[in-house]
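Residue numbers (this note's numbering): 2 to 190. Read through the structure below, which is laid out as structure tokens, and then see the notes.
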């Protein structure tokens with residue numbers, strides 16, 4: 002009987018912890034929406050002026066994943082500025098290098114695999130792990146002719162400029178929210 006009771010108590014405690022960690026103050030939904038909408042809208046507007054609509058879709062894909070982290074999970078280590086900027090920029094550099102090293106379409110499988118796996122290792126080494134960076138590396142390899150023709154300019158525009166827009170938007174959105182903190186400092190104030 003005691004074993005059963007302990008099991009139930011453990012289950013209840015685990016359930017309470019999960020609920021506490023996943024329940025979000027309703028006002029946070031609004032701030033997450035405002036931040037993500039503003040950041041992605043600004044990047045989308047800039048990209049529309051410089052790249053084709055197909056490329057916009059792919060580029061916003063990796064930035065969309067970043068938006069989930071920096072506007073929806075502001076305290077995650079993966080969402081912090083160092084990870085956001087470093088993860089995307091380093092991954093973009095890796096992706097462009099691989100695209101130049103392996104330009105043959107029949108070897109795109111190899112280029113894709115190398116770009117993503119090397120991006121992960123570089124992010125691990127530099128402590129800038131940001132999962133959307135893998136998509137940024139992949140875009141450099143699989144993007145359209147226009148993306149590939151950018152070469153290392155891809156790192157600056159759209160990647161670095163887009164990341165800076167997301168970062169500034171996250172900073173101000175979360176500052177206006179008052180009860181949210183970005184960048185997140187785990188030490189108490």
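Cβ atoms here follow ideal geometry from the backbone N, Cα and C, with glycine treated the same way.
Check	Outcome
Please look up how many angstroms separate the CB atoms of residue 130 and residue 88, rounded, as I've assumed it's under 8 Å.	6 Å
What do you reckon, is the C-beta of residue 175 under 8 Å from a heavy atom of the ligand SAH?	Among the components modelled here there is no ligand, and therefore nothing to report on the ligand SAH.
Answer with buried or exposed for residue 177, where buried requires no fewer than 16 other C-beta atoms within 10 angstroms of its C-beta.	exposed
Among 144, 174, 134, whose alpha-carbon lies nearest the alpha-carbon of residue 86?	134
CB residue 139 to CB residue 98, shorter than 9 Å?	no
In this structure, does DSSP put residue 128 in helix, strand or coil?	coil
Report the residue from 145, 175, 182, 159 whose alpha carbon sits nearest the alpha carbon of residue 46.	159
Can you check whether the CB of residue 167 is closer than 9 Å to the CB of residue 64?	yes
DSSP state of residue 143, grouped into three classes?	helix
Under 8 Å, with one C-beta from each stretch per pair, do the stretch 63-77 and the stretch 104-121 reach the 3-pair mark?	no
Taking contact to mean at least 3 C-beta pairs separated by less than 8 Å, is the stretch 67-80 in contact with the stretch 32-52?	yes
Determine the burial state of residue 90: buried for a count of at least 16 other Cβ atoms within 10 Å of its Cβ, exposed for fewer.	buried
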